[in-house]
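The sequence shown runs contiguously to residue 155 in my numbering.
The beta-carbon is built from N, C-alpha and C at its ideal position, and this holds for glycine as well.
Below: one structure, written as structure tokens.
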Amino acid sequence: VTLILIVIDVKDFQLLDPVVFAYNTGIHSSTKFSPYELQFGRKPCLPTDPPPIQLNLPNLSDYYAQLNKSLKLYQLYSSENMIKQQNLSAIRYNKNRKDKHYNIGDYVLTRIQGNRLKLDPRFHPTPMIIIKAKHPTYIVKDPETNQT
8 VTLILIVIDV KDFQLLDPVV FAYNTGIHSS TKFSPYELQF GRKPCLPTDP
58 PPIQLNLPNL SDYYAQLNKS LKLYQLYSSE NMIKQQNLSA IRYNKNRKDK
108 HYNIGDYVLT RIQGNRLKLD PRFHPTPMII IKAKHPTYIV KDPETNQT
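Pasting the structure below:
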């Protein structure tokens, strides 16, 4: 959204390259790596970095083996970091959420399935009775029609 606003305000794409560069070289909170590192297996060379003093050209097969090794490490660590972030998000989401368990004979409201208009009711007006409980799936019976 911010990128679109920048481009619309400027009316041309002169800021697009720096914004994309900043995004690709910035460390993401979920993976703890930048997209550049995950794609190329090394830290990005920033425009402000001094050029390397000596050029070290390794054997092509050695370079390829080292690149594969570093890419696998980046992939392993980033997936571990993402799983850790997902678990933290789940803990934060479930912190104030109650796990509802219902018993046989409890009255519950059931959601109306299918297409509905904006102001149509979301739930059936009469509460249903639970006749079979196997959390999280329950079988209910309408007390007026005795249909399940």
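Query: Between 32, 41, 45, which has its C-alpha nearest residue 54's C-alpha?; Result: 32
Query: Taking its Cβ as the centre, do 16 or more other Cβ atoms sit within 10 Å of residue 144, making it buried, or is it exposed?; Result: exposed
Query: Could you pull the DSSP bridge partners for residue 89 from this structure?; Result: DSSP, once it has assigned bridges, lists no residue as partnering residue 89.
Query: In terms of residues, what are the limits of the beta strand (DSSP E) holding residue 144?; Result: 144–148
Query: Roughly how many angstroms lie between the CA atoms of residue 149 and residue 111, to the nearest whole one?; Result: 14 Å
Query: Between the C-alpha atoms of residue 87 and residue 68, what's the straight-line distance to the nearest angstrom?; Result: 29 Å
Query: Contact between the stretch 88–98 and the stretch 111–127: three or more CB pairs below 8 Å?; Result: no
Query: What is the DSSP secondary structure of residue 101, reduced to helix, strand or coil?; Result: helix
Query: Here's the rule: buried if 16 or more other CB atoms are within 10 angstroms of the residue's CB, otherwise exposed. What is residue 44?; Result: buried
Query: Give me, in chain order, the residues of the same chain whose beta-carbon lies closer than 7 Å to that of residue 50; leave out the 5 immediate sequence neighbours on both sides.; Result: 44
Query: Quick check: what's the CA-CA separation for residue 135 versus residue 103?; Result: 27 Å
Query: From the DSSP output, in three-state form, read off residue 76 for me.; Result: helix
Query: For residue 38, report the span of its alpha helix (DSSP H) as first-last.; Result: Unbroken run through residue 38: none, as it is neither H nor E.
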